[in-house]
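For our numbering, add 48 to where a residue sits in the sequence shown, where the first one is 1. From the three backbone atoms N, C-alpha and C, an ideal C-beta is built for every residue, glycine too.
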Amino acid sequence: MAERHPRISVVVPTRDRPELLQRCLGALERQTVPVEIVVVEDREGRGPAWARNQGVRRARGEVVCFTDDDCAPVPGWAEVLTTPILRGEVRAAAGPICMPVGATAADRAWEAIVGYLQSQAASPGTASPGFAATANLACSRHLLEQLPFDESFPAAAGEDRDWAERAARAGAAPAFVSAGLVLHRPGMRVSDFLRQQYRYGRGAVRYRRAGDGRRPGSTAFYAGLLRHGFAAGPASGLLVCTAQAATLLGALGARRGQA
49 MAERHPRISV
59 VVPTRDRPEL
69 LQRCLGALER
79 QTVPVEIVVV
89 EDREGRGPAW
99 ARNQGVRRAR
109 GEVVCFTDDD
119 CAPVPGWAEV
129 LTTPILRGEV
139 RAAAGPICMP
149 VGATAADRAW
159 EAIVGYLQSQ
169 AASPGTASPG
179 FAATANLACS
189 RHLLEQLPFD
199 ESFPAAAGED
209 RDWAERAARA
219 GAAPAFVSAG
229 LVLHRPGMRV
239 SDFLRQQYRY
249 GRGAVRYRRA
259 GDGRRPGSTA
269 FYAGLLRHGF
279 AAGPASGLLV
289 CTAQAATLLG
299 ALGARRGQA
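#1: Look at Arg254 and Gly206 and say whether their C-beta atoms are less than 7 Å apart.
#2: Using CA coordinates, which residue listed in Ser284, Ala181, Gln194 is at the minimum distance from Val238?
#3: Rounded to the nearest angstrom, what separates Val288 and Arg209 at their Cα positions?
#4: How do the stretch 66 to 85 and the stretch 120 to 136 stand: do at least 3 beta-carbon pairs fall below 8 Å, yes or no?
#5: Does Val149 come out as helix, strand or coil in the three-state DSSP assignment?
#6: On the CB-based measure, 16 or more other CB atoms within 10 Å of its CB, does Arg263 come out buried or exposed?
#7: What is the DSSP secondary structure of Gly298, counted as helix, strand or coil?
#8: In three-state terms, what does DSSP make of Thr290?
#9: Report yes if the C-beta of Val230 is less than 6 Å from at least one heavy atom of the ligand GTP; otherwise report no.
#10: Please go through the same chain and pick out, in chain order, the residues whose beta-carbon is closer than 6 Å to the beta-carbon of Gly150, but skip the five residues on each side of it.
#11: Please determine, among Thr295, Arg217, Leu286, Ser266, the residue with the shortest C-alpha to C-alpha distance to Ala252.
#12: From the DSSP output, which residues share a beta bridge with Val59?
#13: Alpha carbon to alpha carbon, what distance is there between Val87 and Pro46?
#14: Nearest to Phe278 by CA position, among Pro144, Val111, Ala160, Ala299, is which residue?
#15: With Ser43 as the anchor, note down where its alpha helix (DSSP H) starts and where it stops.
#16: Between the alpha carbons of Met49 and Arg105, how many angstroms are there, rounded?
#17: For Glu199, which of Ala181, Gly103, Gly95, Leu242 has the nearest alpha-carbon?
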């Protein structure tokens with residue numbers, strides 16, 4: 049059970065995925081420290097940014113963690129991810145998101161992209177300054193009150209990049225905690241992966257229009273992304289290449305729609 053006045057809250061946005069949610073909640077109940085679990089059901093499809101803000105308003109913890117309903121944080125996740133925040137060393141922290149046994153080539157491609165964005169978060173020429181996936185993020189309550197998620201993003205596409213970039217500009221880029229591991233549900237199909245990347249392309253247009261000075265990554269950045277994809281295997285590398293085309297198509301579609 050959570051403490052009467054919990055130090056740590058965990059917000060889980062969800063929509064119409066009860067079986068996955070139960071898996072996530074089971075993992076949260078096996079944490080090594082008490083946590084308050086706040087589930088936000090997005091019944092009207094307002095988007096994950098809205099759901100996370102709602103969760104922060106309901107949460108009582110000094111530190112608020114975020115994960116997704118299709119993820120399972122490992123035991124000890126909440127403790128190691130929040131320790132540097134509770135000590136006052138940083139205001140935000142993020143950890144890796146990995147695929148367990150049974151992962152498909154599409155899963156590995158997604159993992160490669162997210163891992164690369166995290167590794168390049170502070171590098172010149174990155175497409176996503178300060179990047180941290182909200183499936184594995186912890187923040188001080190004060191920071192979230194200063195920097196809520198932008199609810200104008202209607203889908204899971206770009207809203208996390210937007211928040212992380214604003215946090216980085218405020219001197220609160222999430223610190224990377226390698227031991228704060230979250231496992232993602234495996235089994236993504238190629239068609240699902242490419243639809244997701246198309247949606248990310250649409251979100252990228254909104255992301256760039258939401259802030260001054262936001263530009264695509266450098267040529268070196270994208271070359272590194274492709275190398276990172278092929279390091280995960282030939283099939284995953286080819287999918288990372290194809291993902292860039294799907295993202296471009298999504299961006300072009302968004303620009304035509306907003307012209």
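Checking against the coordinates, here is how it stands:
#1: yes
#2: Ser284
#3: 19 Å
#4: yes
#5: coil
#6: exposed
#7: helix
#8: helix
#9: This structure simply doesn't include the ligand GTP, nor any ligand for that matter.
#10: Pro234
#11: Thr295
#12: Val86, Phe114
#13: The first residue shown for the chain is 49 and the last is 307, placing residue 46 beyond what the model contains.
#14: Ala160
#15: The structure shown has nothing for residue 43, since the chain only spans 49 to 307.
#16: Interpretation of Met49 is limited by its pLDDT of 42, a score under 50 that renders its predicted location unreliable; the figure taken from the coordinates is listed afterwards. Cα to Cα, Met49 sits roughly 20 Å from Arg105.
#17: Gly95
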